[in-house]
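Residue numbers (the working numbering): 28 to 213.
(1) With a threshold of 8 Å on Cβ separation, who are the neighbours of residue 84 within its own chain once the five nearest residues in sequence on each side are excluded?
(2) In terms of residue numbering, what span does the alpha helix (DSSP H) encompassing residue 172 cover?
(3) Give the DSSP-derived three-state secondary structure of residue 114 in the structure shown.
(4) Could you pull out every residue in the same chain whose Cβ sits closer than 6 Å to the Cβ of residue 99, ignoring the five residues on either side in sequence?
(5) Apart from the five residues just before and just after residue 86, which ones in its own chain have a Cβ nearer than 7 Å to its Cβ?
(6) Straight-line CA distance for residue 119 to residue 146?
(7) Does the beta-carbon distance from residue 164 to residue 142 come in below 8 Å?
(8) Out of 208, 185, 196 and 79, state which residue places its alpha-carbon closest to the alpha-carbon of residue 149.
(9) Compare the beta carbon distance of residue 167 and residue 179 with 8 Å and say whether it is the shorter of the two.
(10) Could you pull out every residue in the same chain whose Cβ sits closer than 6 Å to the Cβ of residue 136, ignoring the five residues on either side in sequence?
(11) Could you name each continuous alpha helix (DSSP H) segment of 4 residues or more that falls completely within the region 83-146, going from the start of the chain to the end?
(12) Alpha carbons only, please: which of 110, 154, 42 and 122 is nearest the one belonging to residue 77?
(13) What is the residue span of the alpha helix (DSSP H) that residue 199 lies within?
(14) Helix or strand or just coil, what does DSSP make of residue 47?
(15) Could you work out which residue in 94, 175 and 113 is closest to residue 134 when comparing CA atoms only?
(16) Please go through the same chain and pick out, in chain order, the residues whose beta-carbon is closer than 7 Å to the beta-carbon of residue 58, but skip the five residues on each side of it.
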């Protein structure tokens, strides 16, 4: 539903889940369910421009989700970092991503992809074009290694954005052509 932009259905399910869990204690068995709910509540708070609440929910999700839930933890890590940026602590958000990338090297590739995408966003918003270029290059390497074409395209896009903004127009055109040539696939 998220990928299909069916937000009405998503929020109805989130609200129903909240109702079902309202009077339940957060036992070890239910902690992953509460953690996943926290991710959605963080996302909703972020979309409503309530960075402090989004950050609190994202941190709660990380506390509740076992390490084996690395894909979900990736979403929570992203929400922590972008929420920190929203509340004026962008450098902490960027460092959070670097720390997560360093500490969770064993995690599923999609976890690392999410972190690199968030890092690119934060670096772009902060005007760190060299950092954005480097994050894009890391995305390309990871995407090629794991056969993730969308990650490769996003990496080229970030590198191209950085080069364009740095005034390296010929290089930017060359890099961005990798995104344009495949058409809708990218």
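Glycine included, each C-beta is placed from N, C-alpha and C at the ideal position.
Quantities reported herein were computed from a predicted structural model and do not represent experimental measurements.
In terms of the structure at hand:
(1) Counting from 1 along the chain shown, the entry for residue 84 is found at position 57. Excluding sequence neighbours, residue 84 sits near 65, 66, 68, 69, 72 and 106.
(2) Numbered from its first residue, the chain shown carries residue 172 at position 145. Start and end: 156-173.
(3) The sequence position of residue 114 within the chain shown is 87, counting from 1. Of the three classes helix, strand and coil, the one that applies to residue 114 here is coil, per DSSP.
(4) Reading the chain shown from its first residue, position 72 is the one you call residue 99. Only 63 and 92 meet the Cβ criterion.
(5) Start at 1 with the first residue of the chain shown, and residue 86 comes out as number 59. The residues are 107.
(6) Looking up residue 119 in the chain shown gives position 92. Looking up residue 146 in the chain shown gives position 119. In a straight line, the C-alpha of residue 119 is about 11 Å away from that of residue 146.
(7) The count along the chain shown starts at 1 and reaches residue 164 at position 137. The count along the chain shown starts at 1 and reaches residue 142 at position 115. Not a contact, by the Cβ cut-off of 8 Å.
(8) One-based indexing of the chain shown puts residue 149 at position 122. It is 185 whose Cα lies nearest to the Cα of residue 149.
(9) Translated into the one-based positions of the chain shown, residue 167 becomes position 140. Translated into the one-based positions of the chain shown, residue 179 becomes position 152. Yes, Cβ-Cβ distance for residue 167 and residue 179 is below 8 Å.
(10) Residue 136 sits at position 109 when you count from the first residue of the chain shown. Around residue 136: 173.
(11) 97-113 and 117-130
(12) Stepping through the chain shown from its first residue, residue 77 is reached at position 50. Here the closest residue by C-alpha is 110.
(13) Along the chain shown, read from residue 1 onward, the residue named residue 199 stands at position 172. Note, residue 199: alpha helix (DSSP H), 196-207.
(14) The sequence position of residue 47 within the chain shown is 20, counting from 1. If DSSP states are grouped into helix, strand and coil, residue 47 belongs with the helices.
(15) Position 107 of the chain shown, counting from 1, holds the residue named residue 134. Ranking 94, 175 and 113 by Cα distance to residue 134 puts 94 first.
(16) By 1-based counting over the chain shown, the position of residue 58 is 31. Contacts found: 91.
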